[in-house]
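Below is one structure, written out as structure tokens, with a few remarks after it.
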Amino acid sequence: MTSPDEALRQRIRDLEARLDESEETLDAIRRGEIDAVIVTDGRGGQRIYTLESADRPYRVLIEQMQEAAVTLEPDGTIIYCNRRLAAMLDVPLEKLIGRSLQPFLLPDDGRCFRLLLEDARRTGIRREMTLYTGDGHAFPAQVSLGLLDDTGTTALGGVLTDLTAQKMHLQELAEANTRLSNEIAERERAESALRQAQKMEAIGQLTGGIAHDFNNMLQAITSGITLAQRRLSGGQWQQSQDLLEAALLAAGRAATLTQRLLGFGRRQTLNPQLVRLEALIDGMQALIQRTVGPAIAVAIRVPEDCRPIRCDPNQLENALLNLAINAATPCRQRAGESKFPPRTKR
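Heads up: the sequence shown at position 292 corresponds to 292 in full-length UniProt numbering, and the numbers run straight through without jumps.
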């Protein structure tokens, strides 16, 4: 049996232990290590007391962030929102609490409001929607809603972001991209027109040179035939034959020139054959020089080990002539020399 003195001493020890525990708790609260205190009442029940400063940083964060925060009842009634939502909807904060969010949605979105809330409760949603301010001004917004299951209620928590500035930036970017595309297209058209004009100039020079050559050939043919007629009338058969052969050679050169023109116009049937590049290029040097003009020096160098190739000679001549025309454009802009170093490859 315990004496009254012993019972009193035990009581004092218990009180001292509880006092020490309380002092440790107070010290922890002062250090910010405790957000809530669980108190046991005399009937064995417990009550939780949240310290006033425990959630203050979070409240400050929610109130001062640039996105709108909102808490909704299951039917869409606003039970909490921060100042950003009030500013976004242009409605006083005190007039938003207790109102439904539905009137601030685009009518099409409003008709789907219940389905929207159901989706938010099931899986959460994140979509772009159109909202209206209190004075009827529409603006795009990103709406994220989800169930606040940690609260033990069916309330929904959401964040709304005004996309007006973002849309404006995207529009400005799209307009700038369109302007840039138009400028690029215009520049390409101008460059194409310039290349075409330069090519036509080169073709004009080529045509003038060919006309001059063709005229010389016709004169040779005409003169040969005329002289041959005179020799024939005088009985000079051998001299007449020599004159006719010279006229035939001139006609052959004219035919070759005509084939080049047909090939240049791509109206001649391809005739692939073995071609010696040295002979073909040497035969074109005067034509190339006449095409690019006297202001440009043309240097044609054919390596000794350059093998014959199988191709249509007229098409190869056209390719070389086009190469000369294209090379002449930058050479006209700055004094230079067009070089044609041919190589063959298996």
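C-beta: ideal position from N, C-alpha, C; glycine also. In this text, all values refer to a predicted model and were calculated from it rather than measured experimentally.
The beta strand (DSSP E) enclosing residue i, as first and last residue numbers
{"i": "Met65", "result": "No beta strand (DSSP E) contains Met65, which DSSP labels as neither H nor E."}
{"i": "Asp162", "result": "156-162"}
{"i": "Ala297", "result": "297-300"}
{"i": "Leu131", "result": "125-132"}
{"i": "Gly146", "result": "138-147"}
{"i": "Leu274", "result": "273-275"}
{"i": "Arg310", "result": "309-311"}
Proximity to residue i [Cα-Cα], best of the options
{"i": "Val159", "options": "Gln171, Asp149, Cys81", "result": "Cys81"}
{"i": "Asn271", "options": "Asn177, Arg253, Cys311", "result": "Cys311"}
{"i": "Pro313", "options": "Leu287, Pro303, Leu280", "result": "Leu280"}
{"i": "Ala295", "options": "Glu304, Gly283, Ala328", "result": "Ala328"}
{"i": "Gln273", "options": "Gly252, Ile309, Ala246, Ile221", "result": "Ile309"}
{"i": "Thr161", "options": "Leu145, His169, Ala141", "result": "Ala141"}
{"i": "Pro303", "options": "Arg276, Asn322, Ala319, Glu23", "result": "Arg276"}
{"i": "Arg59", "options": "Gly76, Arg83, Thr77, Glu73", "result": "Arg83"}
{"i": "Asp149", "options": "Pro74, Glu183, Glu191, Phe214", "result": "Pro74"}
{"i": "Asn326", "options": "Asp242, Thr258, Ala251, Ser192", "result": "Ser192"}
{"i": "Val298", "options": "Glu278, Ala324, Asp305, Glu317", "result": "Ala324"}
{"i": "Leu145", "options": "Leu180, Ile288, Phe113, Trp237", "result": "Phe113"}
{"i": "Leu321", "options": "Pro4, Ile288, Ile184", "result": "Ile288"}
Within 8 Å, strictly: CB atoms of residue i and residue j
{"i": "Ala120", "j": "Met88", "result": "no"}
{"i": "Thr71", "j": "Gly157", "result": "yes"}
{"i": "Arg231", "j": "Ser240", "result": "yes"}
{"i": "Leu147", "j": "Leu131", "result": "no"}
{"i": "Leu101", "j": "Gly134", "result": "no"}
{"i": "Ile225", "j": "Ala250", "result": "no"}
{"i": "Ile300", "j": "Gln315", "result": "no"}
N-terminal and C-terminal residue of the alpha helix (DSSP H) that residue i is part of
{"i": "Glu94", "result": "93-96"}
{"i": "Leu85", "result": "83-89"}
{"i": "Arg121", "result": "113-122"}
Assumed close pair residue i, residue j - CB separation to whole angstroms, cut-off 8 Å
{"i": "Ile79", "j": "Ile97", "result": "7 Å"}
{"i": "Leu244", "j": "Ala255", "result": "Rounded, the Cβ-Cβ distance is 16 Å, inconsistent with contact."}
{"i": "Leu163", "j": "Glu128", "result": "7 Å"}
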